[in-house]
Every structure is written in C-alpha cells, then in structure tokens.
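**Q** Each residue of the sequence shown is one higher than the last, beginning at 17 in my numbering.
Beta carbons: idealized from backbone N, C-alpha and C, even for Gly.
None of the values given here were measured: they were computed from a predicted structure.
Before we start, here is the structure in question, set down as structure tokens.
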Amino acid sequence: MNVAEAITRIENELSIIDLIGHYSELTPKGKNYTGKCPFCKSKKSFTVSKKKNIFKCFQCGTGGNPIRFIMEYENISFKEAIDFIVIKFCETLNIPENFTADPIRGDVYVLLLADGCYYIGFTRNLERRMKEHFSGNGSIWTRIHEPIKIIEIHSDKTLNYENYLAQKYIDEYGYMFVRGGDHIYFKRKYEDKINTKVPI
Ligand SMILES: [Zn+2]
C-alpha cells in the first residue's frame, strides 16, 4: 500500500459522519447532517454531507474531506493526519496498522535485556545508538535492565513499525517486561493494569 492508495481509501471509505461524530454530535437534516462547529462553535452553520463525504462551516469557512478535518482539528500536517487516521481506523479501512505516510525511515531493533526484559527502538544510526545503550547512555529502561544483545533488526522501517513491534512483544511477554514505541500511548494503555508506576 502506498500513500496515494491510502488517501484514496480514506477519502472513499472513511465515513465523515462517523469521524466527525467523535468530535461533535451530528443530527440528520434533509440530505445532510448538522451540529455545532468544532472550530468556531457556531450552532447553525456546520453541515456535513454523507454523500459527498465532506464538511463545511458557513460561519468560519472551514471545510473539506476527512483528512482536512483531522488536519484542522488536531493542527497537524497532511501526512500526520493520514497516520493519525490509519492508527485509529486501520481495521475499518483495511490498511496495515504499521502503514505510515511519514517518510522518516530507519532501523527498528529489539534488544534482549537482563531480567527477561526487552527494548524495542527506532534509530537512524544503529551503531551509535547501540554504543549508547551498551554504555548506559541509552533509554532509562536499558539503564535499569542491562542490554545483553540485539535479537532483531528491521531496516528501512518507520516509527509505526516500531509501535507495531512493541505491541507484538508486549502481547507475548507482557508490559512489565517490554518497553519501546510510543511511550505515552503504551503507558496509558497498560500502567493501570499492572498497578505499578513505571519509569519514563
Ligand atoms: Zn465554524
């Protein structure tokens, strides 16, 4: 799947009614839906067209397709908006969860650590990053649990792939033993379950 295909799929298959419904309550009105504008808060000017899969506010002028909505609402770039949508709706859209429109690529690696722990990381300079981990200057997790060896290297990958791999290791070994990927996301997802404050 390339970026153009992902865009086409989002534009054609992601219902703007479902998407905007997460942000503002929509009510059917004739052929369209109306609600409070998430941008200017106007209650009378915000219209969403299910048929055209676009939104428009006649008060503040904001309008466009699902990608444009996320760009405006989250204040992020076009490519970031695509990744934002894919992470949330990859199943609905049948887009691989590790897909990314972000061109930044590098090596994703897995380090086996002492105490049966694992660290999944992303780097654009593997040699330098390994020196940091093995000399106690890497992440806090690899300072607490001493690195033993690299057990996986995946070249030319993205940050989404790092998240994908981190999730895979967490599923297999448990969050208690695995760190890597989007730290804030995983911390929120798992910290309550293990009932322990985890280090950053
Ligand atoms: Zn508006």
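Flag this pair as touching only if the region 134-150 and the region 166-175 have three or more C-beta atom pairs under 8 Å; answer yes or no.
**A** yes
**Q** My parser needs the alpha helix (DSSP H) runs of 4 or more residues fully inside the region 27-70; what are they?
**A** Entirely contained in the region 27-70, the alpha helix (DSSP H) runs reaching 4 residues are, in chain order, 32-37.
**Q** Under three-state DSSP, which class holds E148?
**A** helix
**Q** Is there at least one non-hydrogen atom of ligand 1 closer than 7 Å to the beta-carbon of T63?
**A** No, the Cβ of T63 stays beyond 7 Å of every heavy atom of ligand 1.
**Q** With a CB to CB cut of under 7 Å and the five nearest residues on each side skipped, what residues in its chain are close to K165?
**A** L128
**Q** Spatial neighbours of I155 within its chain, please: CB distance less than 8 Å, with the 5 preceding and 5 following residues excluded, ordered by chain position.
**A** Residue identity check: residue 155 is Ser in the sequence provided, not Ile. Non-local beta-carbon contacts of S155 in its own chain, meaning distances under 8 Å to residues more than five positions away in sequence, involve Y135, G137, H149 and R195 in chain order.
**Q** Where does I216 sit, in a helix, a strand or coil, going by DSSP?
**A** Since pLDDT at I216 reaches only 46, below the 50 mark, its modelled position is unreliable, and no value is offered.
**Q** Measuring CB to CB, does I23 end up less than 8 Å from F71?
**A** no
**Q** Return the chain-ordered list of same chain residues with a C-beta closer than 7 Å to the C-beta of D208, the five sequence neighbours on each side being excluded.
**A** Contacts found: none.
**Q** Is the distance from the Cβ of K47 to the Cβ of K60 below 8 Å?
**A** no
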